[in-house]
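Below you'll find the structure, written out as structure tokens, and then a few comments.
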Amino acid sequence: MKTKTVKRRTTRAKRRPAKLWQLRLYVTDSTSKSVAAFTNLKKVCESQLKGCYRITVIDLVKHPELAKGDQILAVPTVVRRLPQPVRIIIGSLSDTAHLLVGLDLRPAV
Amino acid sequence: MKTKGSKSTTPMTLLPKCPTGIQGLDEITGGGFPRGRPTLVCGSAGCGKTLLAAEFLVRGAAQFGEPGVLMAFEETEAELKANVASLGFDLDGLVRRKKIVIDYVHIEPSEIQESGEYDLEGLFVRLNHAIDSIGAKRVVLDTLEALFSSLANEAILRAELRRLFRWLKVKGVTAVITAERGREQFTRHGLEEYVSDCVILLDHRVNDQIATRHLRVVKYRGARHGTNEFPFLISNEGISVLPITSLGLNHKISSARIATGIPRLDSMLGGRGFFRGSSILLTGTPGTGKTIVAANFAQAAALRGERVLFFSFEESPNQIIRNMHSIGLRLEPLVKQGLLRFHSARPSLYGLEMHLATMFKEIATFKPAVVIVDPITSLMDAGTDSESKGMVTRLIDYLKGGQVTSLFTSLTQGGHSLQQSEMAMSSLMDSWLLLQDFEGNGERNRVLYVLKARGMAHSNQIREFLISDRGIDLVDAYIGPSGVLTGSARAAQNSLEKASILAIQQEGARRKRELERKREAIERQISGLRSDYESETMELRRVDEQVGTRALTLTTERAASGRLRQADAKASVSTRGGSRNGKNGRIHR
């Protein structure tokens, strides 16, 4: 099972540059956690997915109706819309290892 | 029953309440949940937490003009709508009319990866958005504890929940939070420590294969409330809590009397039968004719033009009609006229509460003047002693409140010890008739007597109860030195008494004749004596006459001899002559 995942990851890694990653970051205002999350996400994306990612930041205070669609409870939340399947990471993303696992860039240990 | 009483008794100075509209619950809580504060509803699976919360919202939106938000963590919007629709709530319509917003919150733990600090601001934003979109006054969070399985960081979760409840209070919405029952605490995750204003505990217990739901207000800060455990049920009209203790003893009392349909029984009850609106218990061993007495009572009432509702828990309506026909009671025309209605159900069909609720509903729709429950004992088997006593209390109170005369038959197994077991129920009853059978001389005979009849002079005698094809007949049982005799023994005793009376009569006649004879003999003696006396008197008179004659003779003789002797002749002559002269002189003059 584990090897399979690794395999898939490697194949995906090969094709990764061709695909565009769509990431949504749900935040509320510019709280410290939100700012930290954006910084951390940007850092990881720059190092792993340089040039083929897009981060959309959604402020729930301004657009509360959008929270329902992605089943947002916790803030900040990163939703990986593409590639499928949808992945969700919550928190300030300070734990890079968990963030990588969450984004499926590294297999879960 | 539900809100009017509580509203009037709650002064304005008390905690503002938010009426739930749930039957009976507002009565227990004294007006509803605390307004603007969260209420915790906890209970194990299948207790009706979600339904209670949903009814609170639906009634709020439909009856009290308070829109609501339902945040569901377990069921989807479609599922909720379908579930609530089975209780007769049009959740879908309310959602379309923007009276209710349903927000289904779902998190798949496997999809979520936690990394670093977070808060639940997203939940707040959603809730806030939902509340503001329709101006909601009520919020239901069902079941918030689902979050504990979705989110790994419990410390954050707890902090956020505390913030959530504070936020709800600030927001001023009346919130209902449902939670699973924990092992040692009210909720599995200790939510009660955050919700401190009102905690309601639901429970679903199975006793003897019959399940009953119970509701208890564990805590209600700042308000008095009923602390008891109240049975409640979920019917097709939503939840109804049935408070026992809140029923007061302040029924209107009628002194009108109604006949029992058995004239002799009426005369045993002070001549006019039972009081209208009273409760009557009819106990008896099997086959003593309880149903017959009940059917007589029913027929008499229906013939007077009153509506009679006959709850039968043993026989089907047609069976009762057929059986009663055999003793000359024609119930079928009364059923056709709509004066008599039967309601038959097996006691084990559902729990006591459900029985009670269906009975209440039947009574409310049919509006009978007389209700017969035959037999109450088989219904009572459906619950524990205290439950069934509570049920009978509520039923009687309900009937008395409507001035409905009620007759309950009760099956006993014979012997006096079982009479004791009826004591609990009998204290609720105004009148108690006992049907018994006496065995002996190779036969079994029924007797009836009035054990108690509150407020009326009643016969203390045992009557023999005869069932013939013409109906019921009560005859005096023989009560004498040899005990109570019934049936052929009574008949034998009767003829024995007749014979002895005859013997006494004959003896009397004989004595009379003897006396007569004696009198005649005496009279004969008297007349004999009298004739003796008379003959003696005659004798005496004859002697007297003889004496007189002799004296005269003697005087004459003496005079003659005097004349002869010339003694004092002058004197005697002159006296004679003088008188003679005088006479003559008067004649001459």
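Here the protein sequences line up with chains R and Y, keeping their order.
So in the numbering used here, spot 60 of the first sequence is number 60, and the numbers just go up one at a time.
So the mapping is simple: the numbering used here equals the position in the second sequence, first residue as 1, plus 1000.
Virtual Cβ for every residue (Gly too), placed ideally from N, Cα, C.
(request) Would you list the residues sitting across from Leu1552 (chain Y) in a DSSP beta bridge? (result) None, per the DSSP bridge assignment.
(request) State yes or no: is the C-beta of Phe1232 (chain Y) within less than 7 Å of the C-beta of Arg1257 (chain Y)? (result) no
(request) Give the DSSP bridge partners of Ala1053 (chain Y), in chain order. (result) According to DSSP, which records beta bridges pairwise, Ala1053 (chain Y) is partnered with nothing at all.
(message) Any C-beta of chain Y within less than 8 Å: which residues of the segment 40-74 of chain R qualify?
(response) Asn40, Leu60, Val61, Pro64, Glu65, Ala67, Lys68, Gln71, Ile72, Leu73, Ala74
(message) Based on DSSP bridge pairs, tell me the residues matched to Pro21 (chain R).
(response) For the sequence presented, residue 21 (chain R) should be read as Trp rather than Pro. Looking at the DSSP assignment, Trp21 (chain R) forms a beta bridge with R:Tyr53.
(request) Quick one: grab the DSSP three-state call for Arg1533 (chain Y). (result) As written in the sequence, residue 1533 (chain Y) is Tyr, which differs from the Arg given in the question. Residue state, collapsed to three classes: helix.
(message) Less than 7 Å between the beta carbons of Thr28 (chain R) and Val75 (chain R), yes or no?
(response) yes
(message) Just list the residues that DSSP pairs Gly1474 (chain Y) with in beta bridges.
(response) For the sequence presented, residue 1474 (chain Y) should be read as Leu rather than Gly. BP columns for Leu1474 (chain Y) point to Y:Phe1465.
(message) With three or more beta-carbon pairs closer than 8 Å as the criterion, would you say the segment 1145-1165 of chain Y touches the segment 1106-1113 of chain Y?
(response) yes
(request) Could you pull out every residue in the same chain whose Cβ sits closer than 6 Å to the Cβ of Val1101 (chain Y), ignoring the five residues on either side in sequence? (result) Val1069, Ala1130, Ile1134
(message) Below 9 Å on C-beta distance, what does Val35 (chain R) contact in chain Y?
(response) Ordered by position in chain Y, no residue passes the 9 Å Cβ test against Val35 (chain R), which lies about 12 Å from the chain.
(message) Quick check on Cys1042 (chain Y): does DSSP put it in helix, strand or coil?
(response) strand
(message) Do Leu1052 (chain Y) and Ile1177 (chain Y) have their beta-carbon atoms positioned less than 7 Å apart in this structure?
(response) no
(request) Could you work out which residue in R:Val61, R:Phe38, R:His98 is closest to Leu23 (chain R) when comparing CA atoms only? (result) R:Phe38
(request) With a threshold of 16 other CB atoms inside 10 Å of the CB of Glu1439 (chain Y), please say whether the residue is buried or exposed. (result) exposed
(request) Could you work out which residues of chain C lie near Ser94 (chain R), taking near to mean beta carbons separated by less than 9 Å? (result) Of the chains in the structure shown, none is chain C; the protein chains are R and Y.
(request) At 9 Å on the CB atoms, spell out the chain Y contacts of Arg87 (chain R), in chain order. (result) Glu1111, Ile1112, Gln1113
(request) Could you tell me the distance, in whole angstroms, from the CA atom of Gly1021 (chain Y) to the CA atom of Leu1057 (chain Y)? (result) 9 Å
(request) Per DSSP, which residues does Leu1373 (chain Y) bridge with? Please list them. (result) Correcting the residue identity first, residue 1373 (chain Y) is Val in this sequence and not Leu. For Val1373 (chain Y), which the question treats as bridged, DSSP gives the partners Y:Phe1311, Y:Phe1408.
(message) I want to see whether chain R comes within less than 7 Å of His1129 (chain Y), judged by CB atoms only; does it?
(response) yes
(request) Label His1588 (chain Y) either buried or exposed according to how many other C-beta atoms from any shown protein chain fall within 10 Å of its C-beta, with 16 as the threshold for buried. (result) For His1588 (chain Y), the predicted model reports a pLDDT of 48, less than 50, meaning its position is unreliable; a value from the coordinates is still stated below. Per the 10 Å Cβ criterion, exposed.
(request) Determine the closest residue to Met1391 (chain Y) out of Y:Leu1485, Y:His1355, Y:Glu1534, with distance taken between C-alpha atoms. (result) Y:His1355
(message) Contact defined as beta carbons within less than 8 Å: I believe Glu1306 (chain Y) pairs with Ala1364 (chain Y). What is the distance between those atoms, to the nearest angstrom?
(response) Wrong, their Cβ atoms sit about 17 Å apart, outside the cutoff.
(request) Determine, using beta carbons only, whether Val1125 (chain Y) comes closer than 7 Å to chain R. (result) yes
(message) Contact defined as beta carbons within less than 8 Å: I believe Phe1408 (chain Y) pairs with Val1450 (chain Y). What is the distance between those atoms, to the nearest angstrom?
(response) That pair is no contact at about 16 Å.
(message) Counting C-beta neighbours from all protein chains within 10 Å, is the total for Ala1054 (chain Y) 16 or more, i.e. buried, or is it exposed?
(response) buried
(request) Output, in chain order, the set of chain R residues within a Cβ distance shorter than 7 Å of His1106 (chain Y). (result) Gln71
(request) Answer yes or no: does any C-beta atom of chain R fall closer than 7 Å to that of Glu1075 (chain Y)? (result) no
(request) Tell me whether Pro1011 (chain Y) is buried or exposed, calling it buried when 16 or more other Cβ atoms sit within 10 Å of its Cβ. (result) Model confidence at Pro1011 (chain Y) stands at a pLDDT of 47, short of 50, so the residue's coordinates are unreliable; what they give is reported in the following sentence. It is exposed - the Cβ of Pro1011 (chain Y) has fewer than 16 other Cβ atoms within 10 Å.
(message) Could you compute how far the alpha carbon of Tyr1478 (chain Y) sits from the alpha carbon of Leu1411 (chain Y)?
(response) 26 Å
(message) I'd like to know whether the C-beta of Val79 (chain R) is nearer than 7 Å to at least one C-beta of chain Y.
(response) no
(message) Let me check one thing: in DSSP terms, what residues is Asp1203 (chain Y) bridge-paired to?
(response) Y:His1214
(request) Run the CB neighbour count on Tyr983 (chain Y), radius 10 Å, all protein chains shown included, and call it buried at 16 or more, exposed below. (result) Residue 983 (chain Y) lies beyond the residue range present for chain Y, which begins at 1001 and ends at 1589; the question has no answer from this structure.
(request) Give me the Cβ distance between Leu99 (chain R) and Val44 (chain R), rounded to the nearest whole Å; I'm assuming they're in contact under 8 Å. (result) 6 Å
(request) For the alpha helix (DSSP H) containing Val1084 (chain Y), list its first residue and its last residue. (result) 1077-1085
(message) Counting only Cβ-Cβ distances shorter than 7 Å, please list the residues of the segment 1084-1107 of chain Y near chain R, keeping chain order.
(response) Asp1103, Val1105, His1106, Ile1107
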